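Following our numbering from start to finish, the sequence shown increments by one per residue and tops out at 43.
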Amino acid sequence: MRIKADTSLCVGSGQCVLAEPTVFDQDDDGLSPPR
């Protein structure tokens, strides 16, 4: 599986991290890049 995250659309709510913590990580800026 390939995941592409458009960080310009990210609002930093952390919902993707809550939904799939094994795939996403939350950085110091509140953005959630794929691991």
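Don't be surprised by glycine CBs; every beta carbon is placed ideally from N, CA and C.
Just so we're clear, the structure is a prediction, and the values are computed from it rather than from any experiment.
Since residue i is in the alpha helix (DSSP H), which residue starts that stretch and which ends it?
| i | result |
| --- | --- |
| L17 | Unbroken run through L17: none, as it is neither H nor E. |
| Q23 | 23 to 27 |
Buried or exposed: where does residue i fall if 16 or more other Cβ atoms within 10 Å of its Cβ makes it buried?
| i | result |
| --- | --- |
| A16 | The amino acid occupying residue 16 in the given sequence is Ser; Ala does not appear at that position. It is exposed - the Cβ of S16 has fewer than 16 other Cβ atoms within 10 Å. |
For residue i, which of the options has the nearest alpha-carbon?
| i | options | result |
| --- | --- | --- |
| L39 | P29, S21, V31, E28 | S21 |
Rounded to a whole number of angstroms, what is the C-alpha to C-alpha distance between residue i and residue j?
| i | j | result |
| --- | --- | --- |
| Q34 | A27 | 12 Å |
| R43 | D36 | 14 Å |
| V25 | D14 | 15 Å |
In this structure, how does DSSP classify residue i when only helix, strand and coil are distinguished?
| i | result |
| --- | --- |
| P42 | strand |
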